[in-house]
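In full-length UniProt numbering, the protein residues as written are 1 to 764.
We put the CB at the ideal spot given by N, CA and C, even for glycine.
Here's the structure we're looking at; comments come further down.
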Amino acid sequence: MSSGNQRVAFYHKGFELPNPLQAEQFHLTTFYAALDTERERAEARTQDEQLVRTRNAQALHQRDGRIRELNVRLARLNSAEEGLYFGRLDDAGGETLHIGRIGLHDADYEPLLVDWRAPAARPFYVATAVANEGVVRRRHIQTRLRTVIDVQDEHLDLDREAPDASKPGTGVMGEAVLLAALNARRTGRMESIVQTIQADQDRIIRSELPGILVVQGGPGTGKTAIALHRAAYLLYTHREQLEKRGILVVGPNPAFLRFIGEVLPSLGEEGVRLVTVAELMPGLTATRPEDAESAEVKGRAVMAEVIAKAVADRQWVPERPIQVTVDRTVLRLDPAYCADVRARVRERHLTHNQARPFFLTEIVDHLTDQYADLIGADPLGGENLLDEYDLAELRKEVLAEPAVQALLDQLWPLLGPQRLLEDLYGDEDRLALAAPQLSVLDREHLLRYGDDWSPSDVPLLDEAAELLGDDGRDAAREKAARARAIAYAQGSLDVLTGSASTDFDDEDESEVLTARDILDAGMLAERYEAEDDRTLADRAGADRRWTYGHVIVDEAQELTPMAWRAIARRCPLRSMTMVGDVAQTGAVGGGTSWEGALGPTFGDRWRLAELTLNYRTPAEVMELAGDVLRAVDPRAKAPHSVRSTGVKPWHADIAAADQAAYVQKVAAEETQHGQVGVITSRSRLELVQEAVSQLSDVTVLSAAGAKGLEFDSVLVVDPDGILIESPRGLRDLYVALTRCTQRLGVVGPLPEVLHSSTAWDARR
Ligand SMILES: Nc1ncnc2c1ncn2[C@@H]1O[C@H](COP(=O)(O)OP(=O)(O)OP(=O)(O)O)[C@@H](O)[C@H]1O
């Protein structure tokens, strides 16, 4: 059997029961037995390793490494427990390939089950009757716990009856299994789609690692699902390359990250860090609310120039000569001299803080020379009376003088990014100097006082940190973390030692090694020097300059040019996947075309893939949403829904004052259909939240907060408010209308764009 030009690596031919359910149950039982054996083996090895006793720090370090690897292995095996086996391929010769969440071998190391990410499994996702890649039958196996509950076959052999090829249909793979998955009630958490990945999605998931891949697709086309499965695929296929640097996944908000947070662990992958842009700076919480206008100005590409100018402005040249007094001697600094030193130091092309000592040395030397000339002058006109030792002492005196310190801090201060931005935002003159290209109104949007930060400040802080360089705080933080870890370990050791003598009588005790025998404080310190016990995600999260092996950005259309710069910095290899939909952009500073959004940072060095099938929203709902999309962009095409439910969206024209009570009643009714999402304008958010606060399975969100999420039933409340609250209101409304998997209701007066739609259910 061949896969494209390749021969599929390992098919196995064996005993087969005639009844498909029984045959697959037989295989499933075999696979679970292998899984249990693997698990027992890993657990036994972990226990053995834990008993290893040695006084050698290096050996202990290696032992801990092996235990960590075994724990990862165990987590992977445990994650495969549910839905272990789901696919099978048969070729014309009767050979079979079994596909599952992970790969398993039998006792003779013969392959039993193939990992879905292995090249051999690919035909399961892409083979069609027309291009069957040697596959004559594709079988979908549905299981519950360890029992097979259904088996669906697709015949891909054109010589035989080929239902999927001959039937005019959606052209999707494994239609019945797919529809079952799409119709299933939502749990509030996104789930893995390994069993039903479609061919066009598979091509994106398995796309090569290098370069920037942009995936454009309308609502529900599976972009998020694909992005996460791509992360799992890349980690499997390029494990060596990616294991050390990890993968960064950037999402739009914390609720979204919680929604997708289980998918990768369920696929057995942990080496991935999930963040919002607001979390990119270690140790910084950026949650201050902000108006859209300020966020838009802060997101503009030109802000990179403004930050650079703000840093340069802190390398100050006085307009007039400055006098400073050291021990009653008046010394003087001329502007021309300061300008000359600054120019020479800048030529070193160092960051601001790195360059500071060079600047300071020159100024202090200059002042010391003046000081020496004045106090060491020979009254008889001879050579200066001071020797090298005296000069060194004078230098110390100059440096210790508080007035000199204050002057140096004024001329070239040691700066952290937060202080730079605080000073910039808080001073109209500074702002005008750093940002002459911004209008007065734009600059007013930046003006503010205080040291709390909003998400749109984070890319600016990152930009500033890059230009300023280390201000000593990173090293101090790292040192403090290490000291805490050693103190904690030392504490544990003391507890162990303290309890040792109570557990054994004297005779036993001499036979048993205590923790203190194995480790002492010195060794502990050595171990902490030699190894870092934090997970990769934690280490990466603590280090602003960490660079990742691959970066995935979801809802990528929302990112501003400044955010793109911050993300690009974290992936100098430019191995990235960005998924999004430029028709759903809500952020005023976000992109409405990929060229516009990515051009300033990445030029045209990216490739585009498009998705056109909507797996979430039923056709009936998409017809209504399509009317809004046409108003956003008459040329845009809504994605085609793969299913229809027969349930049209309904509308209730309830006046503003009665909406909260009405929503309370209807949301309670809708919970019988599953998870309910109530999406409303920002102005109604609190009121509606209060009204449904007692209901479980009901979530209230703004359109921006609902981005990327989905619910069985959705109520869009105050559509007109959503529309008028933002310059991107039409797009927000489009997002709100496309969040349901089954049912949609709209409450409140309708905006013009929804008035004349023929998609409404006439009954309500
Ligand atoms: N091949 C598939 N098999 C089963 N379910 C799928 C498949 N593709 C997508 N889905 C489901 O469709 C829904 C929408 O997917 P997803 O959220 O990834 O879409 P999206 O393109 O990111 O949407 P949006 O842009 O609206 O946020 C999810 O429930 C997802 O699990």
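*Taking the alpha-carbon positions, what's the Phe26 to Val747 distance?*
53 Å
*Mind checking whether Phe31 and Leu77 have CB atoms under 8 Å apart?*
no
*Are Val136 and Ala176 close, meaning C-beta to C-beta below 8 Å?*
no
*Would you kindly work out how many angstroms separate the C-alpha atoms of Pro649 and Phe256, rounded to a whole number?*
25 Å
*asked:* Let me check understanding here. Comparing Cα to Cα, which of Ala736, Leu234, Gly674 and Leu35 lies closest to Asp697?
replied: Gly674
*In angstroms, rounded to a whole number, what distance separates the CA positions of Pro417 and Ile307?*
10 Å
*Determine the burial state of Ser713: buried for a count of at least 16 other Cβ atoms within 10 Å of its Cβ, exposed for fewer.*
buried
*Would you mind listing the alpha helix (DSSP H) stretches within the region 159 to 228 that are 4+ residues and don't spill past its ends, in chain order?*
163 to 166, 175 to 183 and 199 to 205
*Kindly indicate the opening and closing residues of the alpha helix (DSSP H) around Thr30.*
Pro20 to Leu51
*Give the DSSP-derived three-state secondary structure of Trp564 in the structure shown.*
helix
*For Gly222, verify whether its CB is less than 7 Å away from any heavy atom of ligand 1.*
yes
*Could you have a look at Ser266 and say whether DSSP puts it in helix, strand or coil?*
helix
_According to DSSP, simplified to helix, strand and coil, what is Leu331?_
strand
*asked:* Pull the bridge partners of Tyr85 from the DSSP assignment, please.
replied: Gly100
*On a CA-only basis, which of Thr577, Ala127, Gln672 and Gly590 is nearest Glu558? Give me that one, please.*
Gly590
*asked:* If contact is defined by three or more beta carbon pairs under 8 Å, each pair taking one atom from either stretch, is the region 81 to 92 in contact with the region 42 to 52?
replied: no
*Secondary structure at Ser439, three-state DSSP: helix, strand or coil?*
coil
*Does the Cβ of Val326 have 16 or more other Cβ atoms within 10 Å, making it buried, or fewer, making it exposed?*
buried
*Determine the extent of the alpha helix (DSSP H) in which Leu433 is found, giving its start and end residues.*
Glu428 to Ala434
*asked:* Alpha carbons only, please: which of Val215, Gly220 and Pro413 is nearest the one belonging to Trp316?
replied: Pro413
_At least 3 beta-carbon pairs within less than 8 Å: the region 58 to 73 vs the region 103 to 117_ = no
_Ile307 beta carbon near ligand 1 (any heavy atom closer than 7 Å)_ = no
*Any chance the region 581 to 599 sits against the region 539 to 557, with 3 or more Cβ pairs inside 8 Å?*
yes
_Could you compute how far the alpha carbon of Pro20 sits from the alpha carbon of Thr196?_
20 Å
_Tell me the rounded alpha-carbon separation between Leu386 and Arg348._
33 Å
*Report, in whole angstroms, the separation of the C-beta atoms of Leu89 and Pro123, which I expect to be a contact under 8 Å.*
6 Å
*Rounded to whole angstroms, how far is the Cβ of Ile204 from the Cβ of Ala225, which I believe are closer than 8 Å?*
Ile204 to Ala225, Cβ: 11 Å. No contact.
*What span of residues does the alpha helix (DSSP H) with Val404 cover, start to end?*
Pro402 to Leu411
*asked:* With distance defined between alpha-carbon atoms, name the residue in Lys223, Ala131, Ala661 and Arg356 nearest to Glu610.
replied: Lys223
*Is any heavy atom of ligand 1 found at a distance shorter than 7 Å from the C-beta of Tyr615?*
yes
_Extent of the continuous beta strand (DSSP E) to which His550 belongs_ = His550 to Val553
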